[in-house]
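A.B. asks: First the structure, which I've put down as C-alpha cells, then a few questions once you've had a look.
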Amino acid sequence: MFYGYISTVSGFDNHPPGKLQLVDVNGPCSPLETTPSLEKILHQDKLRVRSIHSMINKQDRDSKAKIPTRYGLPFKSENYVVNIGVGTPNQNLWVTMDTGSSLSWILCKPCPNCRGLTFSPSRSSSYSNIACGSADCSQAYSATHHSPACRDACIYQTQYEDSDHSVGFFARETLRLTPSDVFPGFKLGCGHDVKLQDSTSGILGLGSHPASLVYQTASKFGKVFSYCLPSSTRSNGFLAFGNQTDATSRAVRYIRLTLNPQEPDLYYVPLIGISLNGQRLAIPPPTFSNHGTIVDSGTIISYLPPSAYRILRNAFRAAMSGYPSAAPPQGVFDTCYDLSRNRTVTIPSIKLNFGGGIDIPLDQYSGVITNVGASKFCLAFSANDDEEETTIIGSIQQKTYEVIYDIPRGRLGFRSVGPTCN
1064 MFYGYISTVS
1074 GFDNHPPGKL
1084 QLVDVNGPCS
1094 PLETTPSLEK
1104 ILHQDKLRVR
1114 SIHSMINKQD
1124 RDSKAKIPTR
1134 YGLPFKSENY
1144 VVNIGVGTPN
1154 QNLWVTMDTG
1164 SSLSWILCKP
1174 CPNCRGLTFS
1184 PSRSSSYSNI
1194 ACGSADCSQA
1204 YSATHHSPAC
1214 RDACIYQTQY
1224 EDSDHSVGFF
1234 ARETLRLTPS
1244 DVFPGFKLGC
1254 GHDVKLQDST
1264 SGILGLGSHP
1274 ASLVYQTASK
1284 FGKVFSYCLP
1294 SSTRSNGFLA
1304 FGNQTDATSR
1314 AVRYIRLTLN
1324 PQEPDLYYVP
1334 LIGISLNGQR
1344 LAIPPPTFSN
1354 HGTIVDSGTI
1364 ISYLPPSAYR
1374 ILRNAFRAAM
1384 SGYPSAAPPQ
1394 GVFDTCYDLS
1404 RNRTVTIPSI
1414 KLNFGGGIDI
1424 PLDQYSGVIT
1434 NVGASKFCLA
1444 FSANDDEEET
1454 TIIGSIQQKT
1464 YEVIYDIPRG
1474 RLGFRSVGPT
1484 CN
C-alpha cells in the first residue's frame, strides 16, 4: 500500500543528535484523523508532478522573465511527516518533510480554516516578525517567487496548483528538531490565511535555497542530511541531519548531485538508463539527460519520459507473463497483477543506471511493485505527459536505502539499509 510516515520528537533523549524517528502515519500512533483513499493519493501525486513540470517548463519557455511565476507543490499528508518543536515554551507540530520546497512554514493562530495543530505566536516569548524591505524579507520572495507584501511586517505567500494556499507573516522563531538540536531565530512562515485539504501543520523545506532548513542549519550540520523511508507499517525510518554515515564507507554508492540556480528547490541526478533482470534496456541516454532527472521525497512513484516508460513496461510485462493480469485502479497505473493464487512470486529486478558507472538496484517488493489493495500489485512507474518533461525518481524507488544529500561535495548517496532502515 501507499504509506505515509510520522516522526516524533517526544521521548527522544536517547536518540543521536540530529536524528528524528519516522513512524507509520496509518499505525496506532498516528495523530492524523483520516487515511486518504488510493484514488486521492494518486490524484495528488499527479498534481505534484504537474506542478514540478510547470515550474520547470515555464523557466524554459519564458527567457525574458527574470523569475518565473511559481506555484508551490501540492501539500498532502500521504508523504512523510516529522514532529518538530517551535517557540518558547516549545509547541509540538507535525510538518511534511519536503525536498521539493525550501521555505518552511507552519499554521499559526488565528487561522479560521486551519485543520491541523496550530502554533500560537502570542504564547511564545521568542517569536518576532521580520521587517518589510529587509534582506530577510527578500528571501521569502526568492524562495516562493511571490513578491512579499507588507502589513507592518513581511508577508509571504505560497500558492499551490490545486487552489490551496498559505499566506502569513515571515518570522523568526526558535526551532527544535531534537532536545539537543535547537535553533533560535530560525526563519519560517507563520500562516494565518491557509487553505489545505490536510490535517498536518505545515512544511519543513529541505530544498537548496538559502531559506531552507538545510542552509539555515549549515553551521551545525554542514548542509548534509539523509533519510530512510520505511517499507512497511511494521518498521520505522528516520530523517537525519549532519554526516552520520562514514564518508569513506564502501557501502555508500555516490552519484553526482547537481543544483539548478533557477530552480533551487530541486535536486538533479545523472540518470542514463534502466536495466531489467540484468539487461540494459534499449533507452537512448539522451531520453533522460535532455530534460534532466530529479530525486523527490514528495512524489510517490517514478515518472519517466513516455518512450522510456513504454520500453520498461513492455519488458516488465514480458517477464511477468506467467502471472494473471488485473484491472488497474483508477489513476496512473496500467500494469497490474492479481497474485492471490500464487504462493511464491518472482518479481523482475530493476536497476537505475547513473553516470559514472553507478547502478542502484531497486528492492523488488517495495521499489519495483506496489500493493494497491488485497493481492493486487502494480508496476510502480508511470509515464510523463510528454517527452520534454523532467524525469522524477519518487519515494517508492528510494525505499530500503538511506538517501544522503551531501551538498558541499555535490553528491547523492545510496546506502542499502533494508526494509527496517537499520
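Mind the numbering: the sequence shown is residues 1064 to 1485 in my numbering, read in order. All C-beta atoms, glycine included, are put in the ideal place defined by N, C-alpha and C. Nothing here was measured: the structure is a model prediction, and the numbers come from that model.
Write down every uninterrupted run of the beta strand (DSSP E) in the region 1402-1468 whose length is 3 residues or greater and which is fully enclosed by it, in chain order.
C.D. replies: 1413-1417, 1421-1424, 1432-1436, 1439-1442, 1444-1446 and 1454-1456
A.B. asks: Name the two residues that bound the continuous beta strand (DSSP E) containing Ile-1337.
C.D. replies: Here residue 1337 is taken as the residue at index 274 of the sequence shown, counted from 1. Run containing Ile-1337: 1334-1339, per the beta strand (DSSP E) assignment.
A.B. asks: May I have the straight-line CA-CA distance separating Pro-1348 from Asn-1485, to the nearest angstrom?
C.D. replies: Position 285 of the sequence shown, counted from the first residue, corresponds to residue 1348. Position 422 of the sequence shown, counted from the first residue, corresponds to residue 1485. So the alpha carbons of these two residues sit roughly 34 Å apart.
A.B. asks: Secondary structure at Ser-1201, three-state DSSP: helix, strand or coil?
C.D. replies: As a working note, residue 1201 is residue 138 in the sequence shown. Ser-1201 falls in the helix class under three-state DSSP.
A.B. asks: When the Cα of Ser-1438 is compared with those of Phe-1444, Asp-1448, Ala-1390 and Gly-1420, which residue comes out closest?
C.D. replies: Here residue 1438 corresponds to residue number 375 of the sequence shown, with the count starting at 1. Considering only alpha carbons, the answer is Ala-1390.
A.B. asks: Can you give the Cα-Cα distance for Ser-1458 and Val-1358, rounded to whole angstroms?
C.D. replies: Taking the first residue of the sequence shown as position 1, residue 1458 is located at position 395. Taking the first residue of the sequence shown as position 1, residue 1358 is located at position 295. The straight-line gap from Cα to Cα measures roughly 8 Å.
A.B. asks: Would you give the residue range spanned by the beta strand (DSSP E) that Tyr-1290 belongs to?
C.D. replies: For the purposes of this step, residue 1290 is taken as residue 227 along the sequence shown, with counting starting at 1. First-last of the beta strand (DSSP E) with Tyr-1290: 1287-1291.
A.B. asks: Count Cβ pairs between the region 1326-1344 and the region 1395-1415 that sit closer than 8 Å; are there 3 or more?
C.D. replies: yes
A.B. asks: Can Ala-1538 and Gly-1081 be called in contact, C-beta distance under 8 Å?
C.D. replies: Limits of the chain in this structure are 1064 at one end and 1485 at the other, which puts residue 1538 out of reach.
A.B. asks: Of all the options Ser-1229, Ser-1197 and Ser-1429, which has the alpha carbon lying nearest to the alpha carbon of Ala-1216?
C.D. replies: Numbered from its first residue, the sequence shown carries residue 1216 at position 153. Out of Ser-1229, Ser-1197 and Ser-1429, Ser-1197 has the C-alpha closest to the C-alpha of Ala-1216.
A.B. asks: Under three-state DSSP, which class holds Val-1395?
C.D. replies: In the sequence shown, the residue the question calls residue 1395 occupies position 332. Of the three classes helix, strand and coil, the one that applies to Val-1395 here is coil, per DSSP.
A.B. asks: Assess contact between the region 1391-1405 and the region 1184-1197, defined as three or more Cβ pairs (one per stretch) separated by less than 8 Å. Is contact present?
C.D. replies: no
A.B. asks: Between the alpha carbons of Gly-1270 and Gly-1163, how many angstroms are there, rounded?
C.D. replies: Taking the first residue of the sequence shown as 1, we reach residue 1270 at position 207. Taking the first residue of the sequence shown as 1, we reach residue 1163 at position 100. So the two alpha carbons sit approximately 6 Å from each other.
A.B. asks: Short of 6 Å in beta carbon distance, which residues of its chain neighbour Asp-1227, apart from the five on each side in sequence? Order them along the chain.
C.D. replies: Here residue 1227 refers to the residue found at position 164 when the sequence shown is read from its first residue. Once the five neighbours on either side are set aside, the close Cβ partners of Asp-1227 are Lys-1258 and Leu-1259.
A.B. asks: Start and end of the alpha helix (DSSP H) containing Arg-1214?
C.D. replies: Stepping through the sequence shown from its first residue, residue 1214 is reached at position 151. No alpha helix (DSSP H) contains Arg-1214, which DSSP labels as neither H nor E.
A.B. asks: Bridge partners for Ile-1318 per DSSP, in chain order?
C.D. replies: Here residue 1318 corresponds to residue number 255 of the sequence shown, with the count starting at 1. Per DSSP, Leu-1475.
A.B. asks: Per the DSSP calculation, Cys-1253 is bridged to which residue(s)?
C.D. replies: Position 190 of the sequence shown holds residue 1253. Paired residues: Ile-1169 and Phe-1232.
A.B. asks: Is it buried or exposed, Lys-1462, if we count other Cβ atoms within 10 angstroms and call 16 or more buried?
C.D. replies: As a first step, residue 1462 is located in the sequence shown; it is residue number 399 there, counting from the start. Buried.
A.B. asks: Nearest-angstrom Cα distance between Gln-1220 and Val-1480?
C.D. replies: Along the sequence shown, one-based indexing puts residue 1220 at 157. Along the sequence shown, one-based indexing puts residue 1480 at 417. Approximately 39 Å between the Cα atoms of the pair.
A.B. asks: Measuring straight from C-alpha to C-alpha, what distance separates Ser-1403 and Arg-1319?
C.D. replies: By 1-based counting over the sequence shown, the position of residue 1403 is 340. By 1-based counting over the sequence shown, the position of residue 1319 is 256. For Ser-1403 and Arg-1319, the distance between alpha carbons rounds to 41 Å.
A.B. asks: How about Tyr-1464 and Leu-1475: are their beta carbons less than 8 Å apart?
C.D. replies: For the purposes of this step, residue 1464 is identified with residue 401 of the sequence shown, where counting begins at 1. For the purposes of this step, residue 1475 is identified with residue 412 of the sequence shown, where counting begins at 1. Result no, Cβ atoms of Tyr-1464 and Leu-1475 do not sit closer than 8 Å.
A.B. asks: Comparing C-alpha positions only, which one of Arg-1478, Thr-1407, Ser-1229 and Thr-1453 sits nearest to Glu-1326?
C.D. replies: Working through the sequence shown from its first residue, we reach residue 1326 at position 263. Residue Thr-1453 is the option with its Cα nearest to Glu-1326.
A.B. asks: For Ser-1188, collect the residues of the same chain with a Cβ closer than 6 Å to its Cβ; drop the 5 residues on either side in sequence, then sort them by chain order.
C.D. replies: Position 125 of the sequence shown, counting from 1, holds the residue named residue 1188. Correct list, in chain order: Thr-1151.
A.B. asks: Considering only the alpha carbon of each residue, which of Thr-1321, Ile-1410 and Pro-1368 lies closest to Gly-1385?
C.D. replies: Walking along the sequence shown from the start, residue 1385 turns up at place 322. Minimum Cα distance to Gly-1385 is reached at Ile-1410.
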